[in-house]
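Novice: Before I ask anything, let me first share the structure, which is written out below as structure tokens.
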Amino acid sequence: MKMLSKTTFVLMLQGLMQFLGDTSPDKRARFVDELLDDPDYAEHFSTIWGNILIGRANNRRTNRGELERWLKRQFEKNLSYDQFTYELIAAEGESRSNGAVGFMAAHLNDNAVPATAITARIFLGMQVQCTQCHNHPFNDWKQDQFWQFNSFFRQTGKVDHRKFDPKTGRMVDDYSEIVERNFSGPVYFEKRNGLMQVAYPIYLGAEVDPGDSTDRRKELAKHMISGEKPMIAMAMVNRTWAHFFGYGFTRPIDDLGPHNPATHPVLLDYMATEFVKSGYDCKQLM
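What the sequence shown shows, in this note's numbering, is residues 5 to 290, in sequence order.
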């Protein structure tokens with residue numbers, strides 16, 4: 005473990021004594037604001053969310069550097085969480101100019117099955133990966149719903165660009181680009197009994213035009229952040245609570261639903277409501 009220097013320790017002690025000696029009733033709120041305005045806040049949470057979005061592996065093709073720089077800028081300006089969600093789900097262009105592309109680009113393999121599962125888990129707090137092959141054994145999520153969700157990503161592809169490195173004389177990874185694929189109509193999937201079925205883009209019962217003119221990812225992002233209290237609010241509150249207290253309202257934190265009831269459902273519901281009322285202000289939530 006890294007030891008604190010004597011100078012750092014003295015500064016911390018001085019800060020503690022100053023805080024304890026402050027008799028104003030709002031000293032804690034002011035101190036929290038000071039911490040959230042510190043540059044280390046954005047730096048720290050860009051690392052936290054980089055790990056959430058693409059894992060800890062140092063794979064160059066995940067464009068981690070550009071993604072974390074994008075994340076840091078969003079935390080610095082306190083981008084609202086609904087817009088934060090939209091920008092990541094609907095990201096377009098190249099990772100070198102839009103770091104948000106790194107999230108989607110990292111999960112588009114295998115007909116976007118990973119993108120389907122991780123988007124639901126991170127932003128909706130729902131574990132749906134097993135429903136790729138069968139109905140969920142514990143919650144209400146069905147196999148056809150997985151593929152309906154998956155169809156939102158099927159217009160999207162990724163191109164990995166490489167460049168020549170004169171130092172090594174080899175081609176190396178440069179950046180990734182999100183590209184649109186010519187895809188319309190349904191997704192076909194096989195049920196356990198061997199029958200083939202079709203799935204159109206439907207988000208929790210809301211149907212989306214499957215035609216060529218529809219940008220499915222943008223439509224998905226819009227649906228995910230719409231409504232009086234969308235699931236992204238509940239999921240983010242649960243994740244934030246777990247970050248600061250070490251234990252979420254549910255365990256695991258990304259498996260919300262009647263099969264896994266919250267420890268304090270009234271509090272979770274209240275905080276999610278207030279989070280939406282605040283304009284999805286992450287600092288206010290913290």
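The beta carbon of each residue, even a glycine, is placed where N, CA and C say it ideally should be. Everything numeric in this text was worked out from a predicted model, so none of it was measured.
What does the alpha-carbon distance come out to for the pair residue 54 and residue 184?
Specialist: The residue labelled residue 54 in the question sits at position 50 within the sequence shown. The residue labelled residue 184 in the question sits at position 180 within the sequence shown. Spanning the two alpha carbons is a distance of roughly 24 Å.
Novice: DSSP state of residue 5, grouped into three classes?
Specialist: As a first step, residue 5 is located in the sequence shown; it is residue number 1 there, counting from the start. Confidence at residue 5 is low in this model, with a pLDDT of 48, below 50, so its placement is unreliable and no value can be given for it.
Novice: With DSSP run on the structure shown, which of helix, strand or coil describes residue 253?
Specialist: Reading the sequence shown from its first residue, position 249 is the one you call residue 253. Looking at residue 253 - three-state DSSP - the assignment turns out to be coil, as it is neither helix nor strand.
Novice: At 4 residues or longer, and completely inside the stretch 199-280: list those alpha helix (DSSP H) runs for me, N to C.
Specialist: Those alpha helix (DSSP H) runs which fall completely within the stretch 199-280 and span 4+ residues are 220-229 and 235-249.
Novice: What are the boundary residues of the alpha helix (DSSP H) that residue 50 is part of?
Specialist: Along the sequence shown, one-based indexing puts residue 50 at 46. Its alpha helix (DSSP H) spans residues 43-58.
Novice: Taking contact to mean at least 3 C-beta pairs separated by less than 8 Å, is the stretch 186-200 in contact with the stretch 38-46?
Specialist: The answer is no - the stretch 38-46 does not touch the stretch 186-200, with fewer than three Cβ pairs under 8 Å.
Novice: Tell me the rounded alpha-carbon separation between residue 238 and residue 61.
Specialist: Translated into positions along the sequence shown, residue 238 becomes position 234. Translated into positions along the sequence shown, residue 61 becomes position 57. Near 28 Å, if we compare the C-alpha coordinates of residue 61 and residue 238.
Novice: Which residue's Cα is closest to the Cα of residue 104: 121, 148 and 182?
Specialist: Stepping through the sequence shown from its first residue, residue 104 is reached at position 100. Ranking 121, 148 and 182 by Cα distance to residue 104 puts 182 first.
Novice: Mark residue 111 as exposed unless 16 or more other C-beta atoms lie within 10 angstroms of its C-beta, in which case mark it buried.
Specialist: Working through the sequence shown from its first residue, we reach residue 111 at position 107. Result: buried.
Novice: Use the C-beta contact count for residue 210: other C-beta atoms within 10 angstroms, 16 or more gives buried, fewer gives exposed.
Specialist: Taking the sequence shown and counting its residues from 1, one reaches residue 210 at position 206. Under this definition residue 210 is an exposed residue.
Novice: So does the stretch 158-166 actually touch the stretch 217-230, counting three or more Cβ pairs closer than 8 Å?
Specialist: Yes: at least three Cβ pairs fall under 8 Å.
Novice: Going along the chain, which residues of its own chain have a beta-carbon closer than 8 Å to the beta-carbon of residue 35, five neighbours each way excluded?
Specialist: For this step, residue 35 is matched to residue 31 along the sequence shown. Cβ within range, chain order: 23.
Novice: Less than 7 Å between C-beta atoms, sequence neighbours within five positions excluded: which residues of the same chain meet that for residue 78?
Specialist: What you label residue 78 is simply residue 74 of the sequence shown in a count that begins at 1. Hits under 7 Å: 88.
Novice: Is the shortest distance between the beta-carbon of residue 115 and the beta-carbons of chain B less than 8 Å?
Specialist: Among the chains of the structure shown, chain B does not appear; only one protein chain is present.
Novice: Relative to the C-alpha of residue 228, which candidate in 206, 28 and 17 has its C-alpha closest?
Specialist: The sequence position of residue 228 within the sequence shown is 224, counting from 1. When only C-alpha atoms are compared, the closest one is 206.
Novice: Going by DSSP in three states, residue 160 sits in which element: helix, strand or coil?
Specialist: By 1-based counting over the sequence shown, the position of residue 160 is 156. Strand, per DSSP.
Novice: Taking Cβ positions, are residue 98 and residue 179 nearer each other than 8 Å?
Specialist: In the sequence shown, the residue the question calls residue 98 occupies position 94. In the sequence shown, the residue the question calls residue 179 occupies position 175. In this structure, residue 179 lies closer than 8 Å to residue 98 by Cβ.
Novice: For residue 273 and residue 266, I'd like the C-alpha separation in whole angstroms.
Specialist: In the sequence shown, residue 273 corresponds to position 269, counting from 1. In the sequence shown, residue 266 corresponds to position 262, counting from 1. Spanning the two alpha carbons is a distance of roughly 10 Å.
Novice: Is residue 91 helix, strand or coil when you go by DSSP?
Specialist: Within the sequence shown, numbered from 1, the residue matching residue 91 stands at position 87. Residue state, collapsed to three classes: helix.
Novice: Where does the unbroken beta strand (DSSP E) through residue 13 begin, and where does it stop?
Specialist: Position 9 of the sequence shown holds residue 13. Unbroken run through residue 13 is the alpha helix (DSSP H), 10-25; no beta strand (DSSP E).
Novice: Based on Cα-Cα distance, which residue from 58, 86, 146 and 84 lies nearest to residue 108?
Specialist: Residue mapping note: residue 108 aligns to position 104 of the sequence shown, counting from 1. Closest option to residue 108, Cα to Cα, is 58.
Novice: Along the chain, where does the alpha helix (DSSP H) that runs through residue 176 open and close?
Specialist: Position 172 of the sequence shown, counting from 1, holds the residue named residue 176. No alpha helix (DSSP H) contains residue 176, which is instead part of the beta strand (DSSP E) from 174-184.
Novice: My understanding is that residue 240 touches residue 85, with C-beta atoms under 8 Å, so please give their C-beta distance in whole angstroms.
Specialist: As a first step, residue 240 must be located in the sequence shown, where it is residue number 236. As a first step, residue 85 must be located in the sequence shown, where it is residue number 81. Yes, they are in contact, since the Cβ atoms of residue 240 and residue 85 sit about 6 Å apart, within 8 Å.
Novice: Based on the DSSP output, what are the partners of residue 97 in its beta bridges?
Specialist: The residue you call residue 97 lines up with position 93 of the sequence shown. Paired residue(s): 182.
Novice: Can you tell me the Cα-Cα spacing of residue 20 and residue 26, whole angstroms?
Specialist: Locating residue 20 in the sequence shown gives position 16, counting from the first residue. Locating residue 26 in the sequence shown gives position 22, counting from the first residue. So the two alpha carbons sit approximately 10 Å from each other.
Novice: Assuming residue 187 and residue 151 make a contact with CB atoms under 8 Å, what is their CB distance in whole Å?
Specialist: As a position in the sequence shown, residue 187 is number 183, starting the count at 1. As a position in the sequence shown, residue 151 is number 147, starting the count at 1. The pair is not a contact, with the Cβ atoms about 14 Å apart (cut-off 8 Å).
Novice: Thinking just about the alpha-carbon of each residue, which of 40, 163, 38 and 171 is nearest to the one in residue 96?
Specialist: As a working note, residue 96 is residue 92 in the sequence shown. Checking every option, the nearest Cα to that of residue 96 belongs to 163.
Novice: Rank 282, 269 and 113 by C-alpha distance to the C-alpha of residue 253 and give the top, closest one.
Specialist: Residue 253 sits at position 249 when you count from the first residue of the sequence shown. Cα-wise, what sits closest to residue 253 is 269.
Novice: Is any heavy atom of the ligand SAM found at a distance shorter than 7 Å from the C-beta of residue 19?
Specialist: Looking for the ligand SAM in the displayed structure turns up nothing, as the structure carries no ligands at all.
Novice: With a threshold of 7 Å on Cβ separation, who are the neighbours of residue 123 within its own chain once the five nearest residues in sequence on each side are excluded?
Specialist: Within the sequence shown, residue 123 is the residue found at index 119, counting from 1. Cβ within range, chain order: 93.
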